[in-house]
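Counted the way my numbering counts, the sequence shown spans residues 1 to 96. The structure appears right after this line, and notes come after that.
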Amino acid sequence: MSTTKLRLTIFWNASGVLYTEFLTKGLMVNSKRYCGTLRSLKQRIRGIGQERNVFLLHHDKARLHCSVQTHDAMGKWKFPVVPQSSYSPELAPSDF
């Protein structure tokens with residue numbers, strides 16, 4: 001059994017996984033890197049012909065999700081975000 005840790009970013013919809021990205025060891029996720037991930041996701045959505053479908057992002061209130069750079073990128077690529085209240089006891093939309 002390995003003790004190596006990996007960081008995976010994954011986006012999915014009802015049909016399955018849309019995009020995955022592993023973070024290189026030693027690097028951290030910041031707004032610039034996350035915006036690059038969103039750009040890659042947008043290209044993937046376009047590539048599989050799903051642009052006409054509605055996509056919603058479910059974000060928590062992490063700094064990189066709330067940064068000006070991230071908000072600008074999401075507005076540019078028309079990614080709407082599911083609103084999440086602070087300290088909500090409800091399950092996330094993906095909890096089942």
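All C-beta atoms in this analysis are idealised placements derived from N, C-alpha and C, irrespective of residue type, glycine included. Just so we're clear, the structure is a prediction, and the values are computed from it rather than from any experiment.
Item, Value
"F96 versus T24 - alpha carbon distance", "For F96, the predicted structure reports a pLDDT of 48, less than 50, and the residue's modelled location is therefore unreliable. A value from the coordinates is still provided. F96 and T24: Cα-Cα distance of roughly 30 Å."
"Neighbourhood of W77 by C-beta distance below 6 Å, restricted to the same chain and skipping five residues each side", "K42"
"Alpha-carbon spacing of M74 relative to P80, whole angstroms", "7 Å"
"G16, DSSP secondary structure in three states", "strand"
"Three-state class that DSSP yields for F96 in the structure shown", "Confidence at F96 is low in this model, with a pLDDT of 48, below 50, so its placement is unreliable and the value that follows should be read with caution. It is coil, neither helix nor strand."
"Helix, strand or coil at V82 [DSSP, three-state]", "strand"
"I48 (DSSP reduced to helix, strand or coil)", "coil"
"Where the alpha helix (DSSP H) through T4 begins and ends", "Segment: none, T4 is in no alpha helix (DSSP H) and carries neither H nor E."
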